[in-house]
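J.: Structure in structure tokens, see below.
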Amino acid sequence: MSEAVKNLIIKGREIVEDAWQVLRLAEPVEGAPSIDPATVHVPEGKVIVPQKVWLVQRELLAARAAAGEIGVWIASDERPEAIKDDLSKFALIAVDFPKFTDGRGYSIAYNLRVRLGWTGELRAIGDVLRDQLFSMQRVGFDAYATRPDRSIHDALKGLSDFSETYQASVDQKLPLFRRHARVAVGANNDGAGI
Amino acid sequence: MYQYDQYDHLIVRERIAQYRDQVRRRLADELTEAEFLPLRLQNGLYMQRHAYMLRIAVPYGLLASKQMRMFAHIARKYDRGYGHFTTRQNIQFNWIELEQTPDILTDLASVEMHAIQTSGNCIRNTTTDPFAGVAADEIIDPRPYCEVLRQWSTFHPEFIALPRKFKVAVNGAVDDRAAIAVHDIGLTVVRNDAGEIGFKFMVGGGLGRTPIIGSVINEFVPWQHMLTYTEAVMRVYNQYGRRDNKYKARIKILLKALGVEEFARQVNEEWAHLKDGPETLTVEEMQRVIDFFQPPAYKQLDDSDVVAAQPGNKAFANWVNRNVKPHKVPGYAAVVLSLKKTGVPPGDATAEQMDFMADLADRYSFGELRVTHEQNIVLADVEQSQLFALWQEAKAHGLATPNIGLLTDIICCPGGDFCSLANAKSIPIAAAITERFDNLDYQHDIGEIELNISGCINACGHHHVGNIGVLGVDKDGSEWYQVSIGGAQGNHAAIGKIIGPSFSALQMPEVIDRLLQVYLRDRFEDESFADCVARIGVAPFKEFVYATPIAEKGGRLVGEDEYV
Numbered sequence: 001m002s003e004a005v006k007n008l009i010i011k012g013r014e015i016v017e018d019a020w021q022v023l024r025l026a027e028p029v030e031g032a033p034s035i036d037p038a039t040v041h042v043p044e045g046k047v048i049v050p051q052k053v054w055l056v057q058r059e060l061l062a063a064r065a066a067a068g069e070i071g072v073w074i075a076s077d078e079r080p081e082a083i084k085d086d087l088s089k090f091a092l093i094a095v096d097f098p099k100f101t102d103g104r105g106y107s108i109a110y111n112l113r114v115r116l117g118w119t120g121e122l123r124a125i126g127d128v129l130r131d132q133l134f135s136m137q138r139v140g141f142d143a144y145a146t147r148p149d150r151s152i153h154d155a156l157k158g159l160s161d162f163s164e165t166y167q168a169s170v171d172q173k174l175p176l177f178r179r180h181a182r183v184a185v186g187a188n189n190d191g192a193g194i
Numbered sequence: 195m196y197q198y199d200q201y202d203h204l205i206v207r208e209r210i211a212q213y214r215d216q217v218r219r220r221l222a223d224e225l226t227e228a229e230f231l232p233l234r235l236q237n238g239l240y241m242q243r244h245a246y247m248l249r250i251a252v253p254y255g256l257l258a259s260k261q262m263r264m265f266a267h268i269a270r271k272y273d274r275g276y277g278h279f280t281t282r283q284n285i286q287f288n289w290i291e292l293e294q295t296p297d298i299l300t301d302l303a304s305v306e307m308h309a310i311q312t313s314g315n316c317i318r319n320t321t322t323d324p325f326a327g328v329a330a331d332e333i334i335d336p337r338p339y340c341e342v343l344r345q346w347s348t349f350h351p352e353f354i355a356l357p358r359k360f361k362v363a364v365n366g367a368v369d370d371r372a373a374i375a376v377h378d379i380g381l382t383v384v385r386n387d388a389g390e391i392g393f394k395f396m397v398g399g400g401l402g403r404t405p406i407i408g409s410v411i412n413e414f415v416p417w418q419h420m421l422t423y424t425e426a427v428m429r430v431y432n433q434y435g436r437r438d439n440k441y442k443a444r445i446k447i448l449l450k451a452l453g454v455e456e457f458a459r460q461v462n463e464e465w466a467h468l469k470d471g472p473e474t475l476t477v478e479e480m481q482r483v484i485d486f487f488q489p490p491a492y493k494q495l496d497d498s499d500v501v502a503a504q505p506g507n508k509a510f511a512n513w514v515n516r517n518v519k520p521h522k523v524p525g526y527a528a529v530v531l532s533l534k535k536t537g538v539p540p541g542d543a544t545a546e547q548m549d550f551m552a553d554l555a556d557r558y559s560f561g562e563l564r565v566t567h568e569q570n571i572v573l574a575d576v577e578q579s580q581l582f583a584l585w586q587e588a589k590a591h592g593l594a595t596p597n598i599g600l601l602t603d604i605i606c607c608p609g610g611d612f613c614s615l616a617n618a619k620s621i622p623i624a625a626a627i628t629e630r631f632d633n634l635d636y637q638h639d640i641g642e643i644e645l646n647i648s649g650c651i652n653a654c655g656h657h658h659v660g661n662i663g664v665l666g667v668d669k670d671g672s673e674w675y676q677v678s679i680g681g682a683q684g685n686h687a688a689i690g691k692i693i694g695p696s697f698s699a700l701q702m703p704e705v706i707d708r709l710l711q712v713y714l715r716d717r718f719e720d721e722s723f724a725d726c727v728a729r730i731g732v733a734p735f736k737e738f739v740y741a742t743p744i745a746e747k748g749g750r751l752v753g754e755d756e757y758v
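Chains as they are written, first to last, in our numbering: chain A, 1 to 194; chain B, 195 to 758.
What follows is the structure in structure tokens.
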């Protein structure tokens, strides 16, 4: 199989093949019947299902979840608290970015890691682009299904844009001021020779 | 003032490399314009009517002379020889080439400056009192807290794609000179009964389409918890702020929808998780930052009557009366250099003036300057005995117009001449009004008044809180101006009321004249325009302004009289 048709994601800092498929309840077209989370068919194999599908098909999917074949994804307008009692059942959790300008996913990830104690794979899906990866990594994501029309090798570089940060978050529990003794060095820095 | 350490330098350096590569990818078409847009906005780069505009951050309005000289350098090398100081205490350049922006940032970094988060849906430059550190009514110098907020908010990973822009202001004095009531978060330094320092948290103020005065959600947050409490506010907003309609996406709309009590409850619930966590400020960290803002080496001086020392010099007396402000240290004064000269767009300064102001700062004011949100420049630490010499120099460079706080000290956005959001031009309106009321005696007779002009509902010119506010509106493709009165900033902040149908550009000076005539007719002695409006209401003004049609020169009736 050539690389072009393989499913590649970034995991940690590696580009790896990925066997998971994401089940989406397609946006209902006006007039078309909406897809019912209760009756939608979850295909065979490793599937990341919408949170609302998990919540209504929990029993049906229990055996597959126990076999490590079920992940769940959270939409940007949903709360991860809804699945807090089921976390141990999931092989991975994904957070969807419907648009790269929708920043709710960052808070969802933070809450999953810090408040709900999720330690498994946390994957960003949807409109995931190179220039968001650094922040995503900071709030607890460790896997990124970047948008397939862009080079994933290029996107990987986004994880190392910065080597230092000011504030505490999931990746770095202490703010800069608690990690380093800080001393000004700017006094003799006299401009760009103007 | 604050000096970068190795970490500040490193972060800014890495930022430039990141941005340089983003520009490269855009030019190589690896990024679409839609994808590049939020990236360039978070770096203060707007696509304007004619060119790119670059907005550079002046953290809480404080500048070293070398930084001001860098602006002059940028104006000459990359722009058309001038720049525009903004109502967020920043500076923007209006004729910038995209390809050159990474180099501009490199130049800026050499003087510890950047353009990070000067636009976009993120936490913007924190603003404060331009007289911070020298004001006699100050409770505590707010600038160290502004700096701590700057660092915390810079590239905050969770709050970089908020529903909408987010503006914070901090006031450390009894009199609010930072317009905190019209900010997303407005902080006031307070002392509790035990004498401890904390912040009163006001949230949800703002101008724009829905002008609202902020609501206090916590009367006293101890200073140690400033960041954790701010983070709690931000997390509630990031999760629940509306994203379906950009005009309803500011935190003020969320606050209104939830109600103050419920919003405060949610913040406090969030804060319960964060309180005493790692972002809790330590005495050591606060002291480290406070040390950068120690008073300069003041001399032991006495106050003196500088006007009496120049008998018969009315021009100097006028300038001292309007442009010189009290200082907490005897023998010193704060000086406002007016960027509101007749014939010059409000807030504009040439490269030559920037270099000159930097020289003045070095020679008269310990090498520092401040940008005010009224778009003037302050030299905060001038010896009173030097005021006359300073005045003579400033006057020769067109920076001593004695109009601070007066009618022609207009707050004005760039408007339709530059800005692609504008519905109407604003600079020509300011120019026409300035020209009409150029007479200083008349201006001094009118006294304190704030005239604010915005070219569109985004309200960059703060028209809602002007004693007289002018808003450019578009009707069937032509430009009209809606007038409101009774707005105010400061401790008694208020949103102005619209007086009636809009006017044409040519009618505007006459409209202002008629408003002033009513004030002069009905005022009590020593009553300001704002107080007069508060006492007699909008009706007498409205009645008089619309009593007879307003003709253009030559007698042609214009405005809605003709429009209708």
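We treat Cβ as the ideally placed atom computed from N, Cα and C, and that holds for glycine.
1) Could you check whether the Cβ of B/G471 sits closer than 9 Å to any Cβ belonging to chain A?
2) To the nearest angstrom, how far is it from the Cα of B/L563 to the Cα of B/R715?
3) With respect to the alpha helix (DSSP H) encompassing B/M551, which residues constitute its N-terminal and C-terminal limits?
4) One question on the structure: do B/N319 and B/R282 come within less than 9 Å of each other, judged by their Cβ atoms?
5) For my contact list, A/Y110 and B/E352 are in at a C-beta cut-off of 8 Å; report their separation, rounded to the angstrom.
6) Are the CB atoms of B/V732 and B/K691 within a distance shorter than 9 Å?
7) Give, in chain order, every unbroken run of the beta strand (DSSP E) that is at least 3 residues long and sits entirely within the stretch 42 to 70 of chain A.
8) Between B/I290, B/N284, B/A326, B/L292, which has its C-alpha nearest B/I310's C-alpha?
9) If the cut is a Cβ gap below 9 Å, which residues of chain B does A/L129 touch?
10) Would you identify the three-state DSSP class for B/I623, choosing helix, strand or coil?
11) State the Cα-Cα distance for the pair B/E737 and B/R708, rounded to the nearest angstrom.
12) B/I205 touches chain A at which residues, Cβ-Cβ below 8 Å?
13) Got a sec: is the Cβ-Cβ distance from B/F232 to anything in chain A below 9 Å?
14) So, for B/A624: in the same chain, excluding its five sequence neighbours on each side, which residues have a beta-carbon less than 6 Å away from its beta-carbon?
15) Residues in the same chain with beta-carbon distance under 8 Å from A/N189, minus the five sequence neighbours each way, listed in chain order, please.
16) I need the DSSP call for B/Q283, collapsed to helix, strand or coil.
17) Can you tell me whether DSSP reads B/C149 as helix, strand or coil?
18) What first and last residue would you give for the beta strand (DSSP E) that runs through B/R358?
19) Check whether the Cβ of B/P351 lies closer than 9 Å to any Cβ atom in chain A.
20) A/R13 touches chain B at which residues, Cβ-Cβ below 8 Å?
21) Report yes or no: is there a C-beta of chain B within less than 9 Å of the C-beta of A/Y110?
22) Just to confirm my understanding: we take B/I290, look at its own chain, exclude 5 residues before and 5 after, and list those with CB closer than 8 Å. What are they?
23) Can you give me the C-alpha to C-alpha distance between A/D127 and B/L573, rounded to a whole angstrom?
24) Within 9 Å of any Cβ in chain A, is that where the Cβ of B/T476 sits?
25) Checking 9 Å against the spacing of the C-beta atoms, do B/G663 and B/G609 come in under that value?
26) If the criterion is Cβ atoms closer than 9 Å, does the pair A/D142 and A/K11 meet it?
27) Who are the neighbours of A/L159 on chain B, taking C-beta pairs under 7 Å?
28) State buried or exposed for B/R429, treating a residue as buried only when at least 16 other CB atoms are found within 10 Å of its CB.
29) By the criterion of Cβ-Cβ separation under 7 Å, what are the contact partners of B/T348 in chain A?
30) Just the chain B side, please: which residues come within less than 9 Å of A/P175 by C-beta, in chain order?
31) Along chain A, in chain order, which residues have C-beta atoms closer than 7 Å to that of B/E208?
32) What separation, rounded to the nearest whole angstrom, lies between the Cα atoms of B/W417 and B/V397?
33) According to DSSP, is B/V461 part of a helix, a strand, or is it coil?
34) Using a Cβ-Cβ cut-off of less than 8 Å, list which residues of the stretch 658 to 676 of chain B approach chain A; keep chain order.
35) Under 7 Å between beta-carbons, which chain B residues line up against A/D102? List them in chain order, please.
36) Along chain B, in chain order, which residues have C-beta atoms closer than 9 Å to that of A/R115?
T.: The structure says:
1) Along the second sequence, one-based indexing puts residue 471 of chain B at 277. Yes, because at least one Cβ of chain A sits closer than 9 Å to the Cβ of B/G471.
2) Within the second sequence, residue 563 of chain B is the residue found at index 369, counting from 1. Within the second sequence, residue 715 of chain B is the residue found at index 521, counting from 1. Rounded to whole angstroms, B/L563 to B/R715 spans 40 Å at the Cα level.
3) Sequence index remark: in the second sequence, residue 551 of chain B carries index 357 (1-based). Residues 545 to 558.
4) Position 125 of the second sequence holds residue 319 of chain B. Position 88 of the second sequence holds residue 282 of chain B. Result yes, Cβ atoms of B/N319 and B/R282 sit closer than 9 Å.
5) If you number the first sequence from 1, residue 110 of chain A lands on position 110. If you number the second sequence from 1, residue 352 of chain B lands on position 158. With 8 Å as the limit, A/Y110 and B/E352 qualify as a contact, their Cβ atoms being about 6 Å apart.
6) As a working mapping, residue 691 of chain B is identified with position 497 in the second sequence. As a working mapping, residue 732 of chain B is identified with position 538 in the second sequence. Going by C-beta atoms, B/K691 is nearer than 9 Å to B/V732.
7) 47 to 50
8) Counting from 1 along the second sequence, the entry for residue 310 of chain B is found at position 116. Nearest C-alpha to B/I310: B/N284.
9) Your numbering for residue 129 of chain A matches position 129 in the first sequence. Near A/L129 (Cβ distances below 9 Å), the residues of chain B are L225, E229.
10) Translated into the one-based positions of the second sequence, residue 623 of chain B becomes position 429. In this structure, B/I623 counts as helix in the three-state DSSP scheme.
11) Stepping through the second sequence from its first residue, residue 737 of chain B is reached at position 543. Stepping through the second sequence from its first residue, residue 708 of chain B is reached at position 514. About 10 Å.
12) Indexing the second sequence from 1 puts residue 205 of chain B at position 11. Near B/I205 (Cβ distances below 8 Å), the residues of chain A are F162, E164, T165, Y166.
13) By one-based count along the second sequence, residue 232 of chain B stands at place 38. The residue you asked about is not Phe; residue 232 of chain B is Pro in the sequence shown. It does; some Cβ of chain A falls within 9 Å.
14) Here residue 624 of chain B is taken as the residue at index 430 of the second sequence, counted from 1. Hits under 6 Å: P540, I604, C606, I647.
15) As a working mapping, residue 189 of chain A is identified with position 189 in the first sequence. Only weak support exists for where A/N189 lies, its pLDDT of 39 falling under 50; the value from the coordinates is given anyway. Excluding residues within five positions, none has a Cβ falling inside 8 Å.
16) Reading the second sequence from its first residue, position 89 is the one you call residue 283 of chain B. If DSSP states are grouped into helix, strand and coil, B/Q283 belongs with coil.
17) No answer is possible for residue 149 of chain B: the residues shown for chain B start at 195 and end at 758.
18) Translated into the one-based positions of the second sequence, residue 358 of chain B becomes position 164. Here B/R358 belongs to no beta strand (DSSP E), and DSSP marks it neither H nor E.
19) Counted from its first residue, the second sequence places residue 351 of chain B at position 157. Taking Cβ atoms only, chain A reaches closer than 9 Å to B/P351, which makes this a yes.
20) Position 13 of the first sequence, counted from the first residue, corresponds to residue 13 of chain A. In chain order: nothing, as chain B lies at least about 17 Å away.
21) The residue given as residue 110 of chain A occupies position 110 in the first sequence. Yes - at least one Cβ of chain B is within 9 Å of the one on A/Y110.
22) The residue you call residue 290 of chain B lines up with position 96 of the second sequence. For B/I290, where only same-chain residues beyond five positions count, the Cβ hits under 8 Å are L239, A245, Y246, M247, L248, Y272, D273, I298.
23) For the purposes of this step, residue 127 of chain A is identified with residue 127 of the first sequence, where counting begins at 1. For the purposes of this step, residue 573 of chain B is identified with residue 379 of the second sequence, where counting begins at 1. Approximately 48 Å between the Cα atoms of the pair.
24) On the second sequence, position 282 is the one that residue 476 of chain B refers to. It does; some Cβ of chain A falls within 9 Å.
25) Here the question's residue 663 of chain B lines up with position 469 in the second sequence. Here the question's residue 609 of chain B lines up with position 415 in the second sequence. It is not a contact, given that the beta carbons lie outside the stated cut-off.
26) Looking up residue 142 of chain A in the first sequence gives position 142. Looking up residue 11 of chain A in the first sequence gives position 11. Yes, these two residues count as a Cβ contact at 9 Å.
27) Start at 1 with the first residue of the first sequence, and residue 159 of chain A comes out as number 159. Neighbours of A/L159 on chain B: none; closest Cβ ~12 Å, over 7 Å.
28) Walking along the second sequence from the start, residue 429 of chain B turns up at place 235. Per the 10 Å Cβ criterion, buried.
29) The residue labelled residue 348 of chain B in the question sits at position 154 within the second sequence. Chain A residues near B/T348: Y166.
30) Within the first sequence, numbered from 1, the residue matching residue 175 of chain A stands at position 175. Here the neighbours are Q345, W346, L421, P472, E473, E479.
31) In the second sequence, residue 208 of chain B corresponds to position 14, counting from 1. The contacting residues are D161, F162, S163.
32) As a first step, residue 417 of chain B is located in the second sequence; it is residue number 223 there, counting from the start. As a first step, residue 397 of chain B is located in the second sequence; it is residue number 203 there, counting from the start. Spanning the two alpha carbons is a distance of roughly 17 Å.
33) For this step, residue 461 of chain B is matched to residue 267 along the second sequence. Note: B/V461 maps to helix in three-state DSSP.
34) none
35) Numbered from 1 along the first sequence, position 102 holds the residue referred to as residue 102 of chain A. Neighbours of A/D102 on chain B, chain order: A355, R437.
36) For the purposes of this step, residue 115 of chain A is taken as residue 115 along the first sequence, with counting starting at 1. In chain order: H467.
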